[in-house]
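To start, the structure under review is shown below, and the notes come after it.
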Amino acid sequence: MRGPVVVVGDTLLDRDVEGMVNRLCPDSPVPVLDEMAHVDRPGGAGLAAVFAAAQGAEVVLVTALADDAGGARLGGLLAAAGVQVYPLRLAGATPEKIRLRAGGRVLLRHDRGGGAGEPGEPAEAVLRVLDRAAVVLVSDYGRGVARQPALRQALAATRAPVVWDPHPRGPSAVPGVHLATPNEAEVRELAEAPAGANRLATATAGAERLRQRWRAGAVAVTLGADGALLSHTGSTPLMVPAPVAAEGDTCGAGDRFAATASLALARGALVSEAVQEAVTEASAYVADGGVAAALPPAVRRAPQPVQAAVAGDRVGVAAAAAVVARVRAAGGTVVATGGCFDLLHAGHVATLQAARQLGDCLVVCLNSDASVSGLKGPDRPVINQDDRSRLLAALSCVDAVTIFDESTPEAALSWLRPDIWVKGGDYATGGGDGEVLPEADILRRWGGHTVVVPYLDGRSTTEMIAAARAIGVST
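Just so we're aligned, residue 1 is where the sequence shown starts under the UniProt record's numbering, counting upward by one.
See the structure below:
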């Protein structure tokens with residue numbers, strides 16, 4: 001497969017809350033759910049991207065993320081799944097779908113959040129990745145990404161096959177898509193086809209109407225446990241039955257279908273072959289237990305964003321999100337830097353002060369204790385993350401501190417989306433212009449920049465620890 005699988009669309013934070021019901025509420029005849037556990041996962045286009053990455057593909061997700069704790073959680077989950085995120089800015093709160101479950105059944109779904117306007121313009125890097133895609137899957141959940149004008153123009157121009165998974169609240173597919181994948185209810189609403197006694201006749205008429213309207217190569221209408229009906233140019237509709245009669249949680253089955261069909265097309269399969277493979281995969285997905293069983297282990301184990309257990313309002317994901325949102329609303333520049341900051345010294349302070357002068361706020365991405373140990377060895381850090389975050393937050397040049405648990409700040413950067421990422425001058429070789437920084441490729445996804453600032457020579461945490469141990473001072 002040449003090039004990445006590029007998924008374009010709206011990402012939501014999905015949460016399944018599992019519990020037990022043993023009583024009714026005393027002031028209303030409704031069940032009381034005692035929560036036992038919950039699982040977070042990317043939803044919408046994010047789930048389709050996770051499914052594609054789980055099959056070994058290089059996956060890029062072009063989506064809108066908000067500057068809040070939900071956006072941070074999504075960034076961590078997607079990074080754990082191996083999905084590269086090329087974000088668009090989303091005003092408002094991260095959209096969330098919360099399912100309250102007991103005994104394997106959904107009692108209630110609670111939706112909250114959502115954007116307060118259209119997603120922002122894509123950076124040049126987004127348009128370049130679309131140009132080199134092996135296949136593009138548009139996973140539209142009706143929240144604005146598929147309506148973005150520059151993206152639509154790039155989608156219409158790409159040479160890669162485009163699979164369009166539509167939504168009734170979303171826009172029409174761009175002309176000439178390779179395959180559209182509405183479900184039975186969506187095709188009725190999109191094609192304005194009334195439900196009839198004959199499901200196949202209704203699906204056939206609706207699919208043909210959409211195929212002509214969108215000038216699509218083919219339309220596959222998913223029919224749940226009955227499989228899918230494929231309508232394509234100059235051919236009798238092809239009915240692809242499901243190989244097994246599966247009952248269970250169908251949440252995410254459409255995303256699994258679309259992701260599987262996209263991967264098959266990227267490998268050079270015919271549309272009919274891609275649809276048959278997608279029906280088989282989606283049926284097995286439901287039969288095997290649905291999304292709870294299909295999530296890769298890395299996503300199921302992905303940690304919550306680490307919050308420092310300290311007082312004050314300058315430490316943690318929520319604090320960083322609030323600072324970033326406030327600065328962006330005023331049209332300001334967001335600056336971020338990162339590191340372990342173990343034994344905070346004058347060299348660190350000089351770097352932080354120089355970084356703060358480059359914009360309107362400075363967010364420090366701090367390696368957690370587990371992250372520092374993984375990078376520096378079992379005898380580090382000397383100072384725990386709570387105290388390190390306290391010291392940083394006390395500096396007048398630092399506006400917020402957020403702690404990350406991974407070895408790199410990629411997940412944190414994916415939701416912070418700073419305009420400028422800063423490192424001290426000791427990091428670069430040859431006094432470079434920032435291109436040597438490993439974060440440079442990440443920043444390019446949204447048009448950000450990396451820079452190096454001067455560093456005070458002779459200041460080193462490692463040397464400080466060694467000197468203290470040499471004179472017998474306990475560290």
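Yeah, the Cβ is synthetic: ideal placement off N, Cα and C, and Gly gets one too.
| Check | Outcome |
| --- | --- |
| Keeping to the same chain, check which residues put their C-beta closer than 6 Å to that of V17; ignore five residues upstream and five downstream. | E35, H38, L100 |
| When you compare the segment 250 to 266 with the segment 175 to 192, are there three or more beta-carbon pairs, one atom per stretch, that lie closer than 8 Å? | yes |
| Grab the span of the beta strand (DSSP E) containing T63 for me, first residue to last. | 59 to 66 |
| Are G75 and A411 close, meaning C-beta to C-beta below 8 Å? | yes |
| Return the first residue and the last residue of the beta strand (DSSP E) that H232 is part of. | 228 to 232 |
| Starting from the C-beta of E189, find all residues in its chain whose C-beta is less than 8 Å away, skip the five residues before and the five after it, and write them out in chain order. | P168 |
| Let me check one thing: in DSSP terms, what residues is N367 bridge-paired to? | F404 |
| Kindly confirm or deny that the segment 270 to 278 and the segment 212 to 229 touch, where touching means at least three C-beta pairs closer than 8 Å. | yes |
| Could you spell out the range, first to last residue, of the alpha helix (DSSP H) harbouring R89? | No alpha helix (DSSP H) holds R89; the beta strand (DSSP E) holding it covers 83 to 90. |
| How should L12 be labelled, buried or exposed, when 16 other C-beta atoms within 10 angstroms of its C-beta is the threshold for buried? | buried |
| At the level of alpha carbons, what is the spacing between P175 and V401? | 46 Å |
| Do you know offhand how far A264's Cα is from E281's? | 11 Å |
| Residues in its own chain within less than 8 Å of S283 by CB, not counting five upstream and five downstream? | A225, G227, A242, P243, V244, A246 |
| Just how far apart, CA to CA, sit M1 and R267? | 6 Å |
| Going by beta carbon distance, what residues of the same chain come within less than 8 Å of A150, once the five residues before and after it are set aside? | E121, P122, L127 |
| Kindly identify the DSSP beta-bridge partner or partners of G44. | T11 |
| What is the residue span of the alpha helix (DSSP H) that residue 512 lies within? | Residue 512 lies beyond the residue range present for the chain, which begins at 1 and ends at 475; the question has no answer from this structure. |
| Taking C-alpha atoms, which residue in C365, G447, A355 lies nearest to G339? | C365 |
| Which same chain residues, not among the five before or five after V32, have their C-beta less than 6 Å away from its C-beta? | R23, C25 |
| Can you give me the C-alpha to C-alpha distance between R390 and V315, rounded to a whole angstrom? | 8 Å |
| Helix or strand or just coil, what does DSSP make of P378? | coil |
| Spatial neighbours of P171 within its chain, please: C-beta separation below 6 Å, excluding the five flanking residues on both sides. | A146, R147 |
| Of the choices L47, A319, V221, D249, whose alpha-carbon is the least far from that of D68? | A319 |
| Starting from the C-beta of I98, find all residues in its chain whose C-beta is less than 6 Å away, skip the five residues before and the five after it, and write them out in chain order. | R15, H110 |
| Could you tell me whether the Cβ atoms of L362 and A355 are closer together than 8 Å? | yes |
| Report the three-state DSSP secondary structure of L74 (helix, strand or coil). | helix |
| Between S373 and E406, what straight-line distance do the alpha-carbon atoms span, to the nearest angstrom? | 11 Å |
| Looking at the strands, I want to know which residues DSSP matches up with M20. | D34 |
| Applying the criterion that 16 or more other CB atoms from any shown protein chain within 10 Å of the CB defines a buried residue, is E96 buried or exposed? | buried |
| Contact check, A205 vs V221 under 8 Å by CB: the rounded distance? | A205 to V221, Cβ: 10 Å. No contact. |
| Using alpha carbons as the reference points, say which of P378, A370, A330, I420 lies closest to F404. | A370 |
| Taking 8 Å as the cut-off, decide whether the C-beta atoms of A64 and D10 are in contact. | yes |
| With distances taken from CA atoms, which of R215, R73, L108, G3 is nearest V60? | G3 |
| From the DSSP output, in three-state form, read off T333 for me. | coil |
| Please list the segments of the alpha helix (DSSP H) lying wholly inside the segment 133 to 182, counting only runs of 4 or more residues, in order along the chain. | 149 to 157 |
| For S414, tell me which candidate among G46, Q84, V21, G43 has the shortest Cα-Cα distance. | Q84 |
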